[in-house]
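Enquirer:
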Amino acid sequence: MKRIIITLACALAAPLAFAQTTTTTTEETTAPATTTQTTTTTTYGTITTYEPGKTIVVKSEMGPVSFVLGTAARIVDGAGKIITAPLRAGQKVRVYYTGPEERRVVERVVVEE
1 MKRIIITLAC ALAAPLAFAQ TTTTTTEETT APATTTQTTT TTTYGTITTY EPGKTIVVKS
61 EMGPVSFVLG TAARIVDGAG KIITAPLRAG QKVRVYYTGP EERRVVERVV VEE
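Each residue of the sequence shown is one higher than the one before, starting from 1 at the first, in the numbering used here.
(1) Which same chain residues, not among the five before or five after A73, have their C-beta less than 6 Å away from its C-beta?
(2) Quick check on T22: does DSSP put it in helix, strand or coil?
(3) For I47 and V95, I'd like the C-alpha separation in whole angstroms.
(4) Would Y50 be called buried (16 or more neighbouring beta carbons within 10 Å of its own) or exposed?
(5) What residue range is occupied by the uninterrupted beta strand (DSSP E) comprising P64?
(6) Closest by CA to K54, which one among R104, M1 and V76?
(7) For E116, name the three-state secondary structure that DSSP assigns.
(8) Just tell me which of T98, K59 and I82 has its CA closest to the CA of V110.
(9) Can you tell me the Cα-Cα spacing of K92 and E113, whole angstroms?
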């Protein structure tokens with residue numbers, strides 16, 4: 001009798017044990033790499049017009065050049081210390097900027113005096 005019960009239990013459990021399968025699907029996608037290159041350009045000259053937080057116009061060898069002061073623009077002295085006083089006409093500066101002629105955005109202004 002015990003043998004019959006054990007045989008029946010094994011017969012009922014066997015399909016469940018062998019019927020279980022596990023499937024793992026891995027999907028790998030690759031996106032094309034995009035590279036953005038930003039070039040910083042420098043202009044040296046004398047300030048002719050300055051509107052804090054907006055624009056700065058510098059008279060350089062090429063004539064007057066207008067720049068947009070972005071929110072990240074820093075104004076520093078030759079030692080790298082941040083200048084809090086407003087710039088004034090006649091100061092010699094070196095302007096580091098990015099962007100095309102139509103939209104030059106200042107990254108940093110170094111006051112040479």
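In this text, a Cβ means the ideal position worked out from N, Cα and C, and glycines have one as well.
Expert: A quick look at the data gives this:
(1) As a working mapping, residue 73 is identified with position 73 in the sequence shown. Closer than 6 Å at the Cβ level, and outside the excluded window around A73, lie V106.
(2) Translated into the one-based positions of the sequence shown, residue 22 becomes position 22. With a pLDDT of only 41 at T22, under the threshold of 50, the placement of this residue in the model should not be trusted, and no figure is reported.
(3) Against the sequence shown, residue 47 aligns to sequence position 47. Against the sequence shown, residue 95 aligns to sequence position 95. Going by the C-alpha atoms only, they are around 10 Å apart.
(4) Taking the first residue of the sequence shown as 1, we reach residue 50 at position 50. Classification of Y50: buried, given that the 10 Å Cβ count is 16 or more.
(5) The count along the sequence shown starts at 1 and reaches residue 64 at position 64. Its beta strand (DSSP E) spans residues G63 to D77.
(6) Taking the sequence shown and counting its residues from 1, the one referred to as residue 54 is at position 54. Ranking R104, M1 and V76 by Cα distance to K54 puts R104 first.
(7) Nothing about residue 116 can be reported from this structure: the residues present for the chain run from 1 to 113 only.
(8) Position 110 of the sequence shown, counted from the first residue, corresponds to residue 110. Nearest neighbour of V110 by Cα position, chosen from T98, K59 and I82, turns out to be I82.
(9) Your numbering for residue 92 matches position 92 in the sequence shown. Your numbering for residue 113 matches position 113 in the sequence shown. A direct Cα-Cα distance of roughly 6 Å separates K92 from E113.
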